[in-house]
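Note that this note's numbering has the sequence shown beginning at 295, numbered continuously upward. Have a look at the structure below before the remarks.
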Amino acid sequence: MCKKYLVCENSTVYCILMLQQQSLIVSLLQHSNFVKYIIQYTCIGKAYNFPKWLYLQKYSFNILVFLQLHPDKNPDSAKHHQQFISLNEAYSVLSKPHLRLAYDADLAYQERPNMRQYGGIMTDAPQQKVVFKDDTLWEMRDRREDHKYEGRPYYGIRGINKKLPNSYIAAGAFLFMIIGTIFHFFISMKSSDYAIEQLNQRDQIASSYHRLAREQAHMNGNKQQMLMLRQRAEVGRQPEQ
Numbered sequence: 295m296c297k298k299y300l301v302c303e304n305s306t307v308y309c310i311l312m313l314q315q316q317s318l319i320v321s322l323l324q325h326s327n328f329v330k331y332i333i334q335y336t337c338i339g340k341a342y343n344f345p346k347w348l349y350l351q352k353y354s355f356n357i358l359v360f361l362q363l364h365p366d367k368n369p370d371s372a373k374h375h376q377q378f379i380s381l382n383e384a385y386s387v388l389s390k391p392h393l394r395l396a397y398d399a400d401l402a403y404q405e406r407p408n409m410r411q412y413g414g415i416m417t418d419a420p421q422q423k424v425v426f427k428d429d430t431l432w433e434m435r436d437r438r439e440d441h442k443y444e445g446r447p448y449y450g451i452r453g454i455n456k457k458l459p460n461s462y463i464a465a466g467a468f469l470f471m472i473i474g475t476i477f478h479f480f481i482s483m484k485s486s487d488y489a490i491e492q493l494n495q496r497d498q499i500a501s502s503y504h505r506l507a508r509e510q511a512h513m514n515g516n517k518q519q520m521l522m523l524r525q526r527a528e529v530g531r532q533p534e535q
């Protein structure tokens, strides 16, 4: 197979490179965007406009043409040498899936350079002609899915099977707000009354204790009262058993 394409060349390096070029042609023929790569190669930031003789028809190539570019075949041709380098660079990109994927994305972007983003929508249409669409909104929903919800309450409330007008919803929300306000006012009033009642009971208990202490002081007199206080103090200072 090697000698078939050597054409009187005996260089081992040349033979190996020719086999590589043959593999390149096979892989390129399997790639749908090969014509784009041949016409313009921009993956590494350079542009190469290849002449038409590099390809005969779409996906139909003459492998002998590629073999003629090798420096061993044309040692004095700078033009052929540069074309051979360009072909090797293209092969280094096309033979690696991740680089080929990046280059495909770059080509796709160049085909639509005027794409803009309006409200999360990528389009090349003028801004005034962009149609906003959001499937989460009721009017823009996917109506093909409506049959899944037939016979079920629209709002999850039994008895309401259809969409209500916005005025009904607004009135219901306003009524709910009024009822909630009245309920919170009632709760706050009851809470305030309960707190006042608890304070009054505590004051009454404290007042009864104070009145009882005054009555005992008048009945016992100062000497007896002082004696009782000393006894209480001594009992309080005794260690617990």
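Ideal Cβ positions, reconstructed from N, Cα and C, are used throughout, including at glycine.
Name the DSSP beta bridge partners of residue i, please?
i	result
Gln411	Met416
By Cβ distance, which residues of its chain are closer than 7 Å to residue i, with the 5 residues on each side in sequence left out?
i	result
Ala511	Gln519
Asn327	Because the pLDDT of Asn327 is 46, which lies under 50, any placement of that residue in the model is unreliable, and the question is left without a value.
Classify residue i as buried or exposed, calling it buried when 16 or more other Cβ atoms lie within 10 Å of its own Cβ.
i	result
Gln377	buried
Leu469	exposed
Leu458	exposed
His364	buried
Ala399	exposed
Ala527	exposed
Ala372	exposed
Leu506	exposed
Ala384	buried
Leu431	exposed
Leu381	buried
Which same chain residues, not among the five before or five after residue i, have their C-beta less than 8 Å away from its C-beta?
i	result
Gly445	Asn455
Pro447	Gly453, Ile454, Asn455
Ile473	none
Thinking just about the alpha-carbon of each residue, which of the options is nearest to the one in residue i?
i	options	result
Asp418	Met409, Leu381, Ser380	Met409
Tyr449	Asp366, Ile463, Glu491	Ile463
Which same chain residues, not among the five before or five after residue i, have their C-beta less than 6 Å away from its C-beta?
i	result
His374	Leu363, Asn368
Arg524	none
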